[in-house]
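See below for the structure under consideration.
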């Protein structure tokens, strides 16, 4: 059965998760983190993709962004993956892929779910038990959104705040204050589980009205087909066959380690 193309809806944000392969860590030290940040910063600039938030943890990359074109996000992540994996393998004397497979992503209704999505991304280090407070984790966009002093260049990605974040207040101070208030509020685990499931499965996450409104602009269907075979249809010999994906890593490129 043919695999559906990556879901894309013009003007709508996406929540992206890229996971490390198995029990391996995608980042072993600060140099790895800084290198990935540099790759992300360059690839986002090259592909003109506004990044609204991000976090790196040992086993995962999480990004919120609004790609301007259908192929923008895949190109950005492909560029990051090729360069970073080659550098990582060279540094640590290994070979092969670093990721468990294709990145996962969902298009989501910003008005309803951006406040949840940005907290899920920037609180990931706390959720994973790496730190007790998000401000203590260097490798995310939290400190910039919270207005907690200068962000060092090695851990800085140019942030294009989403309109929903801008609506938190009329001034930077008001937005930062309101965001810190949101971060302090408990999050319903059912909401995080539902959004995460949409990321993994690749379907639009939003209200029925939102799904209906974007269906015509999307490059493919935005919800799964109903279970069961239409009345009168015949089973196909290849029905239910699974795609097999083999991931491989190219040889490290020549030149400097990080952009």
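Numbering (UniProt numbering), first residue to last: 1 to 259.
For each residue, glycine too, the CB sits at the ideal point set by N, CA and C.
What you are looking at is a predicted structure, and each value in this text was computed from that prediction instead of being measured.
If you draw a straight line from the Cα of residue 34 to the Cα of residue 142, it comes to about 16 Å. Residue burial is scored here from C-beta neighbours: residue 14 has at least 16 other C-beta atoms within 10 angstroms and is therefore classed as buried. Per DSSP, residue 52 lies in no alpha helix (DSSP H) segment; the continuous beta strand (DSSP E) that holds it begins and ends at 51 to 57. DSSP places residue 60 inside the beta strand (DSSP E), whose first and last residues are 60 to 65.
In the DSSP annotation of this structure, the continuous segment of the alpha helix (DSSP H) that includes residue 113 starts and ends at 110 to 122. Counting only the Cα atoms, residue 95 lies some 31 Å from residue 197. Annotation for residue 16: the continuous beta strand (DSSP E) segment containing it runs 14 to 19.
Under the DSSP assignment, residue 190 falls in the alpha helix (DSSP H) whose first and last residues are 189 to 201.
The alpha-carbon of residue 124 is positioned some 23 Å away from that of residue 78. Of the candidates 32, 59, 68, 68 places its Cα closest to the Cα of residue 48.
For residue 114 against residue 195, the beta-carbon gap comes to about 11 Å, at or over 8 Å, which does not count as contact. Inclusion of residue 118 and residue 62 in the CB contact set at 8 Å is not warranted, their separation being larger than that value. Taken atom to atom, the span from the alpha-carbon of residue 58 to that of residue 130 is near 9 Å. A residue is called buried once 16 or more other Cβ atoms fall within 10 Å of its Cβ, and residue 224, having fewer, is exposed. Contact between residue 106 and residue 199 holds: CB atoms are separated by about 5 Å, below the 8 Å threshold.
Sequence-distant Cβ neighbours of residue 157 in its own chain, meaning closer than 8 Å and more than five residues away, are 37, 40, 41, 44, 51, 54, 141.
When secondary structure is reduced to three states using DSSP, residue 106 falls in the strand class.
Residue 137 has no beta-bridge partner at all, per DSSP. About 23 Å separates the Cβ atoms of residue 19 and residue 70, ruling out a contact at the 8 Å cut-off.
Annotation: the continuous alpha helix (DSSP H) that includes residue 215 extends over 208 to 215.
From the listed residues 32, 173, 89, the smallest Cα separation to residue 149 is found for 173. Contact between residue 138 and residue 159 is ruled out by a C-beta separation of about 15 Å, above the 8 Å threshold. When DSSP reads this structure, residue 166 sits in no beta bridge, so it has no partner. Per the DSSP secondary-structure output, residue 205 pairs in a beta bridge with 108.
Boundaries of the alpha helix (DSSP H) harbouring residue 87: 72 to 92, taken from the DSSP string. By the criterion of a C-beta distance shorter than 6 Å, residue 166 is surrounded by no residue of its chain, once the five residues flanking it on both sides are discounted. When only Cα atoms are considered, residue 164 and residue 111 end up about 6 Å apart.
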